[in-house]
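S.K.: Can you keep this structure in mind? I'll have questions shortly.
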DNA sequence: CCATATGATTCAGG
DNA sequence: CCTGAATCATATGG
């Protein structure tokens, strides 16, 4: 844009001058060929100064008269053509790559993360993707999810408001420049094509800002993801009672420690954890038990006794119906 | 601060 | 899709 602006600006200056001596278009050349430049320049200067003495109405009228001159359109197009040829080499260079690959990549990423997509659909899509491994139970991972969703919504909101600001500023600026150029096209050769080109240039410049916005949004989402969705960062041990329940099941089914889906659901409910957490726990337990049975022998005995005692208690309670004297383990 | 425990994730295989 | 195995990253106890 810089080169063009400079060029247009300088031609604007010329425009003022040519308007000044339009009364006798050949005067300059004639006098120059006569070989008395100082005098001629003084002449021109005088004419210019005379303009400032004119009233606004007079100047306006003169301008209007010029604009209505029958030769004006022809002259205008000729000037445009000349200008087109003169500046051709300058632009021509950067005319391609309309679909910026990088911005498309960022767009796709933001869409996938549910930042730029539709309000509810995108968000739940991301949530579904996150919970996909969990088997679809509605309460899976809901503890951290609300937090994650809230933060994501926050990013989303910032992104959209910034994008809106950006779009507004862009169109405002574009309109401004277009109006300016259109206005100036009355006094200097600016073809509609050129205005179009200028708009394209502006948009290209602005799109780098947009890319920056999208890039930083992407970054924020990625950080958020790694913080919240990688639960390894927030590992919390299950409470004692939960591990007890799980161990009980494990050691009482030691010959086949593979809980069915229903069993997993029940264990999950008892332990206030998710089904996938139960699966994880059993997966880890099996492999670690198998790896070093000796290390777990004590634990195995403990739970074997425990279940035996519990069974005894249960049977005792069952056989004794409703006797209040049944001893309970603290 | 280190070693160990532990929940979660990743990846290969059936 | 489920599992075993390896691995990661944190929690915990000494």
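In the numbering used here, the protein residues as written are 2 to 331. Note that the Cβ used here is the ideal one computed from N, Cα and C, for glycine as well.
Please state if the CB of residue 286 and the CB of residue 247 are separated by a distance shorter than 9 Å.
M.R.: Yes, these two residues count as a Cβ contact at 9 Å.
S.K.: Considering just the uninterrupted stretch of the alpha helix (DSSP H) at residue 277, what are its terminal residues?
M.R.: Its alpha helix (DSSP H) spans residues 276–292.
S.K.: Does the Cβ of residue 318 have 16 or more other Cβ atoms within 10 Å, making it buried, or fewer, making it exposed?
M.R.: Residue 318 comes out exposed.
S.K.: Taking all protein chains shown into account, decide if residue 193 is buried (16 or more other Cβ within 10 angstroms of its Cβ) or exposed.
M.R.: The residue in question, residue 193, is exposed, as its Cβ has fewer than 16 Cβ neighbours within 10 Å.
S.K.: Helix or strand or just coil, what does DSSP make of residue 33?
M.R.: Because the pLDDT of residue 33 is 49, which lies under 50, any placement of that residue in the model is unreliable, and the question is left without a value.
S.K.: If I'm right that residue 253 touches residue 265 with Cβ under 8 Å, what's the distance once you round it to whole angstroms?
M.R.: Between residue 265 and residue 253 the Cβ distance is about 15 Å, and since that is not below 8 Å, they are no contact.
S.K.: Three or more C-beta pairs under 8 Å: does that hold for the region 166–183 against the region 205–221?
M.R.: Judged by Cβ distances under 8 Å, the region 166–183 makes contact with the region 205–221, as three or more pairs qualify.
S.K.: Touching or not, the region 70–85 and the region 172–190, by the rule of three or more beta carbon pairs under 8 Å?
M.R.: Yes: the two stretches touch, three or more of their Cβ pairs being nearer than 8 Å.
S.K.: For a quick check, are the C-beta atoms of residue 222 and residue 105 less than 9 Å apart?
M.R.: No; because the gap between Cβ atoms is not below 9 Å, this pair is not in contact.
S.K.: How many angstroms separate the CA atom of residue 316 from the CA atom of residue 237?
M.R.: Roughly 36 Å between the two C-alpha positions.
S.K.: What are the boundary residues of the alpha helix (DSSP H) that includes residue 243?
M.R.: Per DSSP, residue 243 belongs to the alpha helix (DSSP H) from 241–253.
S.K.: Using only the alpha-carbon positions, how far apart do residue 207 and residue 217 sit?
M.R.: Each residue's alpha carbon lies about 16 Å from the other.
S.K.: Out of 300, 241, 43, 186, point me to the one whose CA is closest to residue 271's CA.
M.R.: Comparing Cα positions, the closest option is 241.
S.K.: Expressed to the nearest angstrom, what Euclidean distance is found between the alpha-carbon atoms of residue 49 and residue 62?
M.R.: About 17 Å.
S.K.: Suppose the cutoff is 6 Å on Cβ atoms and the five residues either side in sequence are ignored; what does the same chain contact list for residue 117 look like?
M.R.: Excluding sequence neighbours, residue 117 sits near 111.
S.K.: With a Cβ-Cβ cutoff of 9 Å, do residue 268 and residue 250 count as a contact?
M.R.: In this structure, residue 250 lies closer than 9 Å to residue 268 by Cβ.
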